[in-house]
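Asks: Have a look at this one.
Residue numbers (the working numbering), protein chains in the order written: chain A, 1 to 324; chain B, 1 to 217.
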């Protein structure tokens, strides 16, 4: 029995396994993927005041488009004062309707501080927990994931990712076992700084994953050429890291005025301008800016609301910053 | 790229200093003792200085890098090993095989050596204070890696010891690491210390002919 694949070639439907696609995966992607494309153009919720959410293609679940990273910002060690300050940042994030909190064992004490903040708040409603496995040892992966659960104070992670593709072949197997045992809901892989995109592309084509995390911002747009279209085609959610190049973009642009037409998309400041550029791309599910300040969190979360740029406005946004 | 900010680093020093108080006083006394031993040049000065330096490097390796710095920096384990190796090198070359000989240096070498030791003991906390950090966030000899490395560099300037260059390799490496970290974290106060270390290194490595002419002056 033969059918067409998405590239238009003939395939033996009995051999879908060799393409890494099961029937379940095909149905999920076909239905969820088209829903995601549709949702990307017509967001799940873009009513004035309602936070902008996008659909996770593999499940149809929606996610607020602005998440929170914890690299450096939540690695504050044992200081009670700094931990209390980060708890307020977390409170502001979730209070504004934020969802994804992304961390990693590589981030020092960040996971512990996230767990401390969630515990101090006593209410993690809306949280979408995302962390990573970061070890060369396949055997140590499950133990590291268990330690992360303990540090966060959670029984289950929403998303477990292989950090910077380190040992991905074995870790994806471990994460799938964790998912089967109910300790993980979604599976992903990450890169950053535009590194290892070729390998990431191979993984996206051949592996059954729900999320990829990569660097995408108004100046680092390499992913637009292949990875973002591939993610949309394969029904893989995309998390954009380094949305501000670790504050470098804000530092670079903040002394320049926003263009007058930024008001049309309700961008009051540069963080909102930079974030809306990212999350308005149809293939991007969410961005994960990191901050250690509550006032900066308020600014970032403003990007959840108001009109989102279309393709023409995104072009104008990129042209404008490149002209500065 | 470092996984922490300057604010977090100093907060860690604050927690660390509070946790180990009053060990800092002991190490300040030991720093003064080292200076006195060198200036007096007694028969056992070399070995006693060696023992004190071994203690300082071991303390920085275990109490700072292994137990505290590792909370925020995944490289701290490697640094703990590095500092442990330096402690072993000093123990072997300055204690087990007989301590270095210290002669009074009434020349550039002597002046720079003493100045570097004083900078390590006093300038580090002074610069931290000027940068807006108050006790217990100060970095001190024996309990913090930077002052310990710089102090050791000063001691080696004044030592006559076959393994002198080997014994300054790790201190110089650590000062380079801290200088780079300071640049990344935006800690301009540490650049002054890099200048001090650079001057010490120049004096240490200057040609013997020039060194000999200095001794004649």
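Cβ atoms here follow ideal geometry from the backbone N, Cα and C, with glycine treated the same way.
Please name the residue, chosen from B:96, B:60 and B:173, that lies closest to residue 77 of chain B on a Cα-to-Cα basis.
Replies: B:60
Asks: Which residues, in order along the region 109 to 132 of chain A, keep a beta-carbon less than 9 angstroms from a beta-carbon of chain B?
Replies: 109, 110 and 112
Asks: Could you give the DSSP three-state label for residue 187 of chain A: helix, strand or coil?
Replies: strand
Asks: Whole angstroms is fine: what's the gap from residue 1 of chain B's alpha carbon to residue 184 of chain B's?
Replies: 7 angstroms
Asks: If we count Cβ pairs, one from each stretch, closer than 8 angstroms, do we get three or more for the region 166 to 183 of chain B versus the region 71 to 89 of chain B?
Replies: yes
Asks: At a Cβ cut of 9 angstroms, what residues of the region 50 to 74 of chain A count as close to chain B, listed as they run along the chain?
Replies: 71, 72 and 73
Asks: How many Å lie between residue 161 of chain A and residue 131 of chain A at the Cα?
Replies: 6 angstroms
Asks: I'd like to know whether the C-beta atoms of residue 139 of chain B and residue 146 of chain B end up nearer to each other than 9 angstroms.
Replies: For residue 139 of chain B and residue 146 of chain B, yes; Cβs fall inside 9 angstroms.
Asks: Can you list, in chain order, the stretches of the alpha helix (DSSP H) that have 4 or more residues and sit fully within the region 261 to 321 of chain A?
Replies: Taking only runs of at least 4 residues, the alpha helix (DSSP H) segments lying wholly in the region 261 to 321 of chain A are 270 to 279 and 294 to 301.
Asks: Against chain A, does residue 207 of chain B count as a neighbour if the rule is that its beta carbon must be under 9 angstroms from one of theirs?
Replies: no
Asks: Could you work out which residue in A:164, A:181, A:59 and A:93 is closest to residue 299 of chain A when comparing CA atoms only?
Replies: Looking only at A:164, A:181, A:59 and A:93, the smallest Cα-Cα distance to residue 299 of chain A is reached by A:93.
Asks: Does the distance from the CB of residue 197 of chain A to the CB of residue 231 of chain A come in under 9 angstroms?
Replies: no
Asks: Answer yes or no: do residue 54 of chain B and residue 151 of chain B have a C-beta to C-beta separation smaller than 9 angstroms?
Replies: no
Asks: For residue 229 of chain A, name the three-state secondary structure that DSSP assigns.
Replies: DSSP places residue 229 of chain A in helix when its eight states are reduced to three.
Asks: Please go through the same chain and pick out, in chain order, the residues whose beta-carbon is closer than 8 angstroms to the beta-carbon of residue 127 of chain B, but skip the five residues on each side of it.
Replies: 189, 190, 192 and 193
Asks: Give a yes or no on whether 9 angstroms exceeds the smallest Cβ distance from residue 217 of chain A to chain B.
Replies: no
Asks: Could you give the first and the last residue of the continuous alpha helix (DSSP H) run that contains residue 144 of chain A?
Replies: 138 to 152
Asks: List, in order along the chain, the chain A residues whose C-beta lies closer than 7 angstroms to that of residue 151 of chain B?
Replies: What residue 151 of chain B touches in chain A: nothing, since even the nearest Cβ is about 26 angstroms away.
Asks: In whole angstroms, what separates the C-alpha of residue 169 of chain A from that of residue 302 of chain A?
Replies: 39 angstroms
Asks: Under 7 angstroms Cβ-Cβ, which residues of chain A neighbour residue 8 of chain B?
Replies: 75, 76, 77 and 82
Asks: If the cut is a Cβ gap below 7 angstroms, which residues of chain A does residue 11 of chain B touch?
Replies: 76, 77, 79 and 82
Asks: Pairing CB atoms from the region 50 to 65 of chain A with CB atoms from the region 254 to 272 of chain A, are three or more of them under 8 angstroms?
Replies: no
Asks: Quick one, are the C-beta atoms of residue 133 of chain A and residue 72 of chain A less than 9 angstroms apart?
Replies: no
Asks: Quick one: what does DSSP say residue 263 of chain B is sitting in, helix, strand or coil?
Replies: No information on residue 263 of chain B is available, as it lies outside the stretch 1 to 217 that chain B covers here.
Asks: Can you have a look at residue 234 of chain A and say buried or exposed, based on whether 16 or more other CB atoms are within 10 angstroms of its CB?
Replies: buried
Asks: What is the residue span of the alpha helix (DSSP H) that residue 82 of chain B lies within?
Replies: 76 to 90
Asks: Using CA atoms only, rank isn't needed, just tell me which of A:105, A:226 and A:295 is closest to residue 3 of chain B.
Replies: Considering only A:105, A:226 and A:295, the residue with the shortest C-alpha distance to residue 3 of chain B is A:105.
Asks: Taking 6 angstroms as the limit between beta carbons, can you name the residues of its chain near residue 193 of chain A, skipping five residues before and five after?
Replies: 215
Asks: Mind checking the region 62 to 80 of chain B against chain A and listing, in chain order, the residues whose C-beta falls within less than 7 angstroms of any C-beta there?
Replies: 71, 72, 73 and 74
Asks: Near residue 65 of chain B, what residues of its chain come up, given a Cβ to Cβ distance below 8 angstroms and the 5 sequence neighbours on each side ignored?
Replies: 76, 77, 79, 80, 83 and 145
Asks: Within 10 angstroms of its Cβ, does residue 276 of chain A collect 16 or more other Cβ (buried), or is it exposed?
Replies: buried
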